[in-house]
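One structure below.
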Amino acid sequence: MHEKWFVFARTPLRFSLQEYHVVTGLKVSRESNSDVVTWKNDGGFWSNLLRTGDKITLKSIPKVHLKEVQKWTRIDRMRLIYLCVIMGVVMGRDEKVNIPDMYIKLVMDLDQLRKFHWGLHSYDFLLSSIEKARKKLGKKDSYIFEGFSYALQIWIMEAIPDFGEICGRQVSGSFVGPRCGNWKGVANVSYEEIIELEDSLTKKGDLFSVISETADEETSSVTVARKGKRKVLDEGAETRKKKLLCKRSAEKNLTFGPETKSFIEGLIQTSVTSLGDMLSTQMANMERMFTERMGKMEIEVSQLRDAISLTGEGSYPSKKAAEEAPLNSKAKQAPPKSKANQAPPKSKGAQAPPKRKGDQPTPTKKLLPKRKSRT
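Under this note's numbering, the first residue of the sequence shown carries the number 2, and numbering increases by one thereafter.
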């Protein structure tokens with residue numbers, strides 16, 4: 002049965018052949034007669050190696066054989082690249098281990114090499130390596146972990162998104178293809194940080210128990226750096242790690258007991274009730290003030306309208322009023338004064354007494370100027 006279950010934060014996580022295929026994209030179905038490997042002697046370097054029974058390791062290739070690669074045929078150089086990828090990545094073997102003859106025979110026929118079930122073969126080897134490493138835990142300070150460990154790490158980052166946030170960065174949210182091609186960056190995580198993160202997880206929805214190829218995850222790393230191995234430096238890994246651990250720790254500390262929850266709920270309910278009463282009082286006061294203000298405004302507007310209408314009537318009389326104006330002015334004129342009431346004419350001397358109506362005026366003699374006599 003090609004599957005293995007792990008438990009993290011009290012949640013079971015499945016690492017089966019299905020998850021391995023989703024992560025790596027390697028072939029997991031076995032074809033008939035795929036284990037029967039045949040090869041033809043073409044006189045090249047690898048044919049001579051198989052014929053003589055000599056051994057070769059990844060460590061000896063750069064030290065011994067890399068100097069002679071230029072003398073090899075083009076197909077032998079391609080076989081060397083395939084063997085380095087198979088031994089160093091897919092199978093993840095130690096650099097001191099001899100390359101098995103079966104792998105060399107497979108690269109002799111590239112068509113047969115591509116049809117081989119590398120997914121199933123490397124998955125079984127990875128599980129056996131996990132079992133060996135579990136037995137060595139606690140007995141030795143260090144151990145060699147073989148197998149496609151990068152696939153195991155990518156599965157952990159997919160199943161536990163918090164580890165994905167700590168260890169690397171996703172290239173795209175809509176990536177199509179093997180999941181190992183959607184991650185960038187490498188970061189180290191200590192055992193203490195793993196335990197801290199596990200204890201701080203409070204929601205099971207943060208984990209994905211099963212990862213499928215056609216659908217999204219259904220809810221419900223261990224790497225050993227070899228000597229001289231280069232890693233892609235991720236400058237923001239430590240910052241992301243600290244932020245995530247602080248966030249999970251805060252979420253854990255926010256968990257309250259039933260008594261604390263009931264107290265907080267009662268406090269919130271009382272506060273909301275008091276706030277509602279206060280808002281109702283304020284709204285009633287505002288409504289009363291608004292009504293009074295509107296009443297005053299209506300009175301002021303009415304008075305202003307009356308003043309404007311009176312001012313308009315005094316400034317602009319109507320046509321009928323304009324026609325009746327002269328008649329009214331004549332009627333309103335004062336009556337003419339009588340002669341008895343008239344004031345006597347003023348003179349340089351004393352004023353004459355006022356004339357009465359029955360009195361006749363006395364004629365006055367006109368004084369003519371005297372003529373001078375001629376002598």
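A virtual CB, placed ideally from N, CA and C, is assigned to each residue, including glycine.
- Taking 4 residues as the minimum length, the alpha helix (DSSP H) runs contained wholly in the region 86 to 165 are 102 to 108, 111 to 116, 119 to 137, 150 to 160, in order along the chain.
- Secondary structure note for Phe-176: it is in no beta strand (DSSP E), with a DSSP letter that is neither H nor E.
- Per DSSP, reduced to three states, the secondary structure at Arg-15 is strand.
- If you draw a straight line from the Cα of Pro-101 to the Cα of Thr-53, it is about 14 Å long.
- In this structure, Glu-199 is the residue among Gly-267, Lys-262, Glu-199 with its C-alpha nearest to the C-alpha of Pro-13.
- The DSSP-derived three-state label of Trp-6 is strand.
- Less than 9 Å separates the beta-carbon of His-66 from that of Ile-57.
- The beta carbon of Thr-74 is closer than 6 Å to those of Gly-45 in its chain, skipping five residues each way along the sequence.
- Put simply, the backbone Cα of Leu-311 is about 10 Å away from that of Leu-305.
- At a Cβ-Cβ threshold of 9 Å, Arg-80 and Ile-105 count as neighbours.
- Closest by C-alpha distance to Arg-180, out of Asp-163, Met-158, Ile-195, Ile-196, is Met-158.
- Here Ser-213 carries a coil assignment [DSSP, helix/strand/coil].
- Residue environment: Asn-183 is assigned as buried (16 or more neighbouring CB atoms within 10 Å of its CB, all protein chains considered).
- When the beta-carbon positions are compared, Phe-164 and Gly-93 stay at least 9 Å from each other.
- Burial check for Ala-188: the Cβ neighbour count within 10 Å reaches 16 or more, so the residue is buried.
- For Asp-200, the enclosing alpha helix (DSSP H) covers residues 192 to 201.
- Per DSSP, the continuous alpha helix (DSSP H) segment holding Ser-48 begins and ends at 46 to 53.
- Taking all protein chains shown into account, Glu-20 has 16 or more neighbouring C-beta atoms within 10 Å of its C-beta and is therefore buried.
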